[in-house]
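K.L.:
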Amino acid sequence: MQLNSISLLDKIKKEVIFPKRISFPRDYREIPFFRDVPLEDWEDWHWQIKNRIITEEKLSQVIDLAPQEKEGIRRAKGRLSSAITPYWLTLIDPEDFNCPTRRQVIPLDLEFKISPSDLFDPCGEDKDSPVPGLVHRYPDRILLLATEQCASYCRHCTRRRIVGEEKIKKFDLDLALDYVRANRRIRDVLISGGDPFMLEDETIDEILKKIRQIPHVEFLRIGTRMPVNLPQRITPKLINILKRYSPIWISIHFNHPKEITKRCKLACDMLADNGFVLGSQTVLLKGINDKLYIMKKLMHELLKIRVRPYYIYQCDLVKGTSHFRTPVSVGINIIEKLRGHTTGYAVPTYVIDTPGGGGKIPIGPNYLISQEKGKYLLRNYEGKTYAYLE
6 MQLNSISLLD
16 KIKKEVIFPK
26 RISFPRDYRE
36 IPFFRDVPLE
46 DWEDWHWQIK
56 NRIITEEKLS
66 QVIDLAPQEK
76 EGIRRAKGRL
86 SSAITPYWLT
96 LIDPEDFNCP
106 TRRQVIPLDL
116 EFKISPSDLF
126 DPCGEDKDSP
136 VPGLVHRYPD
146 RILLLATEQC
156 ASYCRHCTRR
166 RIVGEEKIKK
176 FDLDLALDYV
186 RANRRIRDVL
196 ISGGDPFMLE
206 DETIDEILKK
216 IRQIPHVEFL
226 RIGTRMPVNL
236 PQRITPKLIN
246 ILKRYSPIWI
256 SIHFNHPKEI
266 TKRCKLACDM
276 LADNGFVLGS
286 QTVLLKGIND
296 KLYIMKKLMH
306 ELLKIRVRPY
316 YIYQCDLVKG
326 TSHFRTPVSV
336 GINIIEKLRG
346 HTTGYAVPTY
356 VIDTPGGGGK
366 IPIGPNYLIS
376 QEKGKYLLRN
386 YEGKTYAYLE
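Each residue of the sequence shown is one higher than the last, beginning at 6 in the working numbering.
1) How would you call Tyr386, buried or exposed, if buried means at least 16 neighbouring beta carbons within 10 angstroms?
2) Closest to Ser120 by CA distance: which of Asp321, Pro353, Gly364 and Gly345 is it?
3) Straight-line CA distance for Lys172 to Gly388?
4) Quick check: what's the CA-CA separation for Glu116 versus Pro127?
5) Within a Cβ cutoff of 8 Å, which residues of the same chain sit near Lys380, ignoring the five residues on either side of it in sequence?
6) Taking the alpha carbon of Leu182 as the point to measure from, which residue in Val335, Arg190, Asp206 and Leu149 has its own alpha carbon closest?
7) Thinking C-alpha only, which one of Leu96, Asp114 and Ile59 is nearest Gly77?
8) Are the beta-carbon atoms of Val222 and Ile191 separated by less than 8 Å?
9) Would you identify the three-state DSSP class for Glu377, choosing helix, strand or coil?
10) Taking the beta strand (DSSP E) that Cys314 belongs to, which residues open and close that run?
11) Whose CA, out of Val288, Leu276 and Val333, lies closest to the CA of Gln109?
12) Can you tell me the Cα-Cα spacing of Ile27 and Tyr92, whole angstroms?
13) Is it a yes or a no for the region 57 to 72 touching the region 87 to 105, going by three-plus beta-carbon pairs under 8 Å?
14) Would you kindly work out how many angstroms separate the C-alpha atoms of Ile31 and Asp193, rounded to a whole number?
15) In whole angstroms, what is the alpha-carbon distance linking His261 and Tyr318?
16) Helix or strand or just coil, what does DSSP make of Pro127?
17) From what residue to what residue does the alpha helix (DSSP H) around Asp183 run?
18) Roughly how many angstroms lie between the CA atoms of Thr326 and Pro112, to the nearest whole one?
19) Determine the extent of the alpha helix (DSSP H) in which Thr208 is found, giving its start and end residues.
20) Kindly indicate the opening and closing residues of the beta strand (DSSP E) around Arg226.
21) List the whole-angstrom C-beta distance separating Ile212 from Leu178, where the pair is believed to meet the contact cut-off of C-beta under 8 Å.
22) If you pair each beta-carbon of the region 232 to 249 with each one of the region 266 to 277, do three or more pairs fall below 8 Å?
23) In the structure shown, what three-state DSSP assignment does Ile265 receive?
24) Which of the three DSSP states, helix, strand or coil, is assigned to Val194?
25) Note the first and the last residue of the continuous alpha helix (DSSP H) segment covering Thr106.
26) Would Phe38 and Gln73 qualify as a contact pair, given that the criterion is a beta-carbon distance under 8 Å?
27) Put Ile27 into one of helix, strand or coil per three-state DSSP.
28) Using the C-alpha atoms, what's the distance from His328 back to Ser12?
29) Within the same chain, show all residues whose beta-carbon is closer than 7 Å to that of Thr351, passing over the 5 residues directly before and after it, in chain order.
30) State the Cα-Cα distance for the pair Ile293 and His161, rounded to the nearest angstrom.
31) Roughly how many angstroms separate the alpha carbons of Glu20 and Lys267, rounded to a whole number?
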């Protein structure tokens, strides 16, 4: 899809500004303080960032806030303050406390009830950080934490210790890349944060250019939630910058089928049409996507927009997130009911990112019943047993 800014606006007017009245997403002009905003402004990602809803006073004008939400917003100051893009606000049911898009971004007082199992750095990233902004855990790959900021702040964020509006120690790109240059085993670089698409186009261009100049880096990935919570960020200019450094694989954070709107699909189409391989990462969240029918719907909708389901994460042991966590058995049951009951492309890998820095470990149903001297007794998705002889 070759789009410039003008043709993109025309496409949005035709396909995204909904001709029929539907509940969600709402037409943004139905929200009082966005009523007179021109489409050109609404589609400007800088405008979206500038006009994020960050106060209880403004949010209460469009959402009937519950007492536990008001308390959560008041106490969520500093590191992981509340911030909701105007676009994401159109996905929220203002009258339903249990709306899945609402629960992901509006703080609750439960965030300040710390469980004994909660950890400050649940995945042990800090101990595997040889230089600021870089995590080196696996032998052949590194993680670059290029920014601490996101468009909206997910309340289940695994990096809430560093993600937010307060400034962390300045990311030194040259220092981080000097480390990569000196370690020739590193063939895979994942750029994450925060959300790297919060950076300006010129900064993204600089980062990608310098990485691509390192001969032994073969595989380049970007982790983002922008196509979901701020699809306006996926612009023709950004696409053209990314194309200079192809191939790039893009991991997108989706948690609920309600997030896959026409506008989100358009952003993913722009990426897929220009050769970027898209995968999804989903966090298993209590009361949001912990039912089989919701997770199956999400996986099917992802395939329809050319995003390959990749990971379902057990919610990490982050401080203040115990109300989001499910038993591990819930995730295993979901995988059990997906495998064999839908296309294999729709079955992601369920993983626990182990506390203390052990890395991701796949967890799933046990299909191997027994093994002895070249004979394996296996169970299929229907519960039937079969023998395999070596």
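All residues carry an ideal CB built from backbone N, CA and C; glycine is no exception.
P.N.:
Judging by the given coordinates:
1) exposed
2) Asp321
3) Reliability of the predicted coordinates at Lys172 is poor, the pLDDT of 47 falling under 50, and the value obtained from them is presented with this limitation in mind. Taking the straight line from one Cα to the other gives about 53 Å.
4) 16 Å
5) Ala392, Tyr393, Leu394 and Glu395
6) Taking only the C-alpha atoms, the option nearest Leu182 is Leu149.
7) Cα-wise, what sits closest to Gly77 is Asp114.
8) yes
9) strand
10) Just to set this straight, residue 314 is Pro in the shown sequence, not Cys. Pro314 -> beta strand (DSSP E) spans Arg313 to Gln319.
11) Val288
12) Because Ile27 sits at a pLDDT of 45, beneath the cut-off of 50, its placement in the model cannot be relied upon, and the point is left open.
13) Verdict: yes, contact present.
14) Note that residue 31 is Arg in the sequence shown, not Ile. Their backbone Cα atoms lie some 40 Å apart in a straight line.
15) Each residue's Cα considered, the two are about 14 Å apart.
16) Annotated three-state conformation of Pro127 is coil, per DSSP.
17) First-last of the alpha helix (DSSP H) with Asp183: Leu178 to Ala187.
18) 11 Å
19) Asp206 to Arg217
20) Phe224 to Thr229
21) 6 Å
22) Result yes; three or more Cβ-Cβ pairs closer than 8 Å.
23) coil
24) It is a strand residue.
25) Pro105 to Val110
26) no
27) The pLDDT assigned to Ile27 is 45, lower than 50, so where the model puts this residue is not dependable; a value taken from the coordinates is nonetheless given after this. Ile27: coil per DSSP, three-state reduction.
28) 44 Å
29) A small correction: the amino acid at residue 351 is Ala; Thr does not occupy that position in the sequence shown. Cβ within range, chain order: Met304, His305, Leu308, Pro314 and Leu343.
30) 12 Å
31) Going from the Cα of Glu20 to the Cα of Lys267 covers about 7 Å.
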